[in-house]
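Asker: Take 1 as the starting number for the sequence shown in full-length UniProt numbering and just add one per residue.
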Amino acid sequence: MNKQNLLSFNQNALYDFFVGLGEKPYRTKQIIQWIYKAYEFDFDKMLNFSKPLREELSRVACVELPKVIKQSFALDGVIKWVLALSEDNHIEMVYIPEKDRGTLCISSQVGCALACTFCSTGMQGFNKNLTTAEIIAQVLIANQYLNPKAKRISNVVFMGMGEPLLNEHAVYNACDLLLDDLAFGLSRRKVTISTSGVVPAMLRMSERTPVSLAVSLHAPDNHLRDELMPINQKYSIEELLGACKVYLHAGTQERHILFEYVMLKGVNDSTEHANKLAKLLKDISAKINLIPFNPFEKTQYQTSSAQTIEKFQNILYQQGIRTMTRRTRGEDIDGACGQLAGKVLDKTKRAHARRH
Ligand code: SAH
Ligand code: SF4
Numbered sequence: 001m002n003k004q005n006l007l008s009f010n011q012n013a014l015y016d017f018f019v020g021l022g023e024k025p026y027r028t029k030q031i032i033q034w035i036y037k038a039y040e041f042d043f044d045k046m047l048n049f050s051k052p053l054r055e056e057l058s059r060v061a062c063v064e065l066p067k068v069i070k071q072s073f074a075l076d077g078v079i080k081w082v083l084a085l086s087e088d089n090h091i092e093m094v095y096i097p098e099k100d101r102g103t104l105c106i107s108s109q110v111g112c113a114l115a116c117t118f119c120s121t122g123m124q125g126f127n128k129n130l131t132t133a134e135i136i137a138q139v140l141i142a143n144q145y146l147n148p149k150a151k152r153i154s155n156v157v158f159m160g161m162g163e164p165l166l167n168e169h170a171v172y173n174a175c176d177l178l179l180d181d182l183a184f185g186l187s188r189r190k191v192t193i194s195t196s197g198v199v200p201a202m203l204r205m206s207e208r209t210p211v212s213l214a215v216s217l218h219a220p221d222n223h224l225r226d227e228l229m230p231i232n233q234k235y236s237i238e239e240l241l242g243a244c245k246v247y248l249h250a251g252t253q254e255r256h257i258l259f260e261y262v263m264l265k266g267v268n269d270s271t272e273h274a275n276k277l278a279k280l281l282k283d284i285s286a287k288i289n290l291i292p293f294n295p296f297e298k299t300q301y302q303t304s305s306a307q308t309i310e311k312f313q314n315i316l317y318q319q320g321i322r323t324m325t326r327r328t329r330g331e332d333i334d335g336a337c338g339q340l341a342g343k344v345l346d347k348t349k350r351a352h353a354r355r356h
């Protein structure tokens, strides 16, 4: 019999699981405390459970985390972990410490099928969606490592490997646990799903989870975006901005969107691009994050110069759009955005096609 990994269950699913075993509902709270507060994964040591319950749990369930196979430490304090899901599939996650916060950047898929031309993960091809357990285990592993060193995770962003909105079920369940006061207890503003623009999923996300949304835009018109991000050929910028507006108006609390824009030298970084971008976003509650392109092996792109980025930022700023430039972190260990590549057993054969 396949044992159920309890890390895949949000609070509701754990409740159903214990009630299904004929147990009292308060067991839900107890198991969450053992796993997420005490980092205890061995049922035999959960001594407020009766012996028969501990035995039953060992028979039908488990708490299993991927193995850490490598930890790298960058000079600027960034830490990168490589986790093995199986021999052929590795994922990466990165911790980025700042003065007043600590952000954990996690993965949602092994590789990514969307093949954005400037992204190292996208160039690797795709193998599989992570389970809720494999997603939430990343936060547990990082917490276990960081907590004793008095470092904390204040923000979690789905900006590692993969497109989170092509793995909705697992990602939403993981978000439930990130927001759950009994588990990680993060506020909805401190958990961010970043998407390349999977429009139908964005509409569902607006209803299903209150977490923050970041949208990878990267081009101010369909012609250029089609070229950089093949998903734009399916969902155009107009449809994408329509879904953004639905997200902004869903729920009862105020919402904002962060637009990400990677700065590619001579490709999307001219004065004209900046003006078009400002026009595009003028009636949407947006903040723009300019990301200097992080190069990787065999890429055709280069990053825009600091002056070009500053000029681009000023144009947006002058037209009333809040704009920040993201500082590149963890570069010396390939821990920056879009450099996460892991080892992907590619089912799409993309990496193979590229080599020939
Ligand atoms: N698939 C999701 C989330 C993962 S990528 C998405 O595309 O939004 C996280 C961010 O890194 C995205 O904004 C992505 O466009 C950006 N990115 C990808 N490759 C990059 C690179 N080489 N340099 C800088 N940013 C990159
Ligand atoms: Fe996938 Fe995001 Fe990379 Fe595009 S930028 S290939 S959607 S991970």
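Virtual Cβ for every residue (Gly too), placed ideally from N, Cα, C.
How is the beta strand (DSSP E) around P295 delimited, first residue to last?
Answerer: P295 -> no beta strand (DSSP E), and no H or E assigned at all.
Asker: Are the beta-carbon atoms belonging to A121 and G111 less than 8 Å from one another?
Answerer: Ala is not the amino acid found at residue 121; the sequence shown has Thr there. Cβ atoms of T121 and G111: closer than 8 Å.
Asker: Excluding the five sequence neighbours on either side, which residues of its own chain have a C-beta within less than 7 Å of the C-beta of C105, listed in chain order?
Answerer: For C105, where only same-chain residues beyond five positions count, the Cβ hits under 7 Å are M93, V94, I96, V157, M159 and G160.
Asker: So what does DSSP say about S86, is it helix, strand or coil?
Answerer: The answer is strand: DSSP assigns S86 an E or B state.
Asker: In chain order, which alpha helix (DSSP H) runs of at least 4 residues are fully inside the region 239-311?
Answerer: Whole alpha helix (DSSP H) segments, 4+ residues: 271-280.
Asker: Kindly indicate which three-state DSSP category I35 falls into: helix, strand or coil?
Answerer: Helix at I35.
Asker: Verify whether the separation of the beta carbon atoms of L165 and V198 is less than 8 Å.
Answerer: It is a contact, given that the beta carbons lie within the stated cut-off.
Asker: Leaving out five residues on either side along the sequence, give the residues of the same chain with a beta carbon under 7 Å from the beta carbon of K45.
Answerer: Counting only Cβ-Cβ distances below 7 Å, and skipping sequence neighbours, we find nothing.
Asker: By the three-class DSSP mapping on this structure, what secondary structure does F43 have?
Answerer: Residue state, collapsed to three classes: helix.
Asker: How many angstroms separate the CA atom of Y36 from the CA atom of H169?
Answerer: One C-alpha to the other measures close to 21 Å.
Asker: Rounded to a whole number of angstroms, what is the C-alpha to C-alpha distance between P210 and C244?
Answerer: Rounded to the nearest angstrom, the two C-alpha atoms are 14 Å apart.
Asker: Based on Cα-Cα distance, which residue from V267, K276 and M263 lies nearest to I309?
Answerer: It is M263.
Asker: Could you say which of A142, N127 and R188 lies nearest to G162 if we only look at CA atoms?
Answerer: The candidate whose alpha carbon is nearest that of G162 is N127.
Asker: For K287, which of Q300, Q313 and K265 has the nearest alpha-carbon?
Answerer: Nearest of Q300, Q313 and K265 to K287, Cα basis: Q313.
Asker: Could you tell me which uninterrupted beta strand (DSSP E) segments, each at least 3 residues in length, are contained entirely in the region 107-180, listed from first to last along the chain?
Answerer: Runs found: 109-111, 126-129 and 155-158.
Asker: Quick one, are the C-beta atoms of V171 and L203 less than 8 Å apart?
Answerer: Not a contact, by the Cβ cut-off of 8 Å.
Asker: Express the C-alpha separation of A219 and R225 in angstroms, rounding to a whole number.
Answerer: Approximately 5 Å between the Cα atoms of the pair.
Asker: Give me, in chain order, the residues of the same chain whose beta-carbon lies closer than 7 Å to that of P66; leave out the 5 immediate sequence neighbours on both sides.
Answerer: Correct list, in chain order: L83, A84, L85, E134 and A137.
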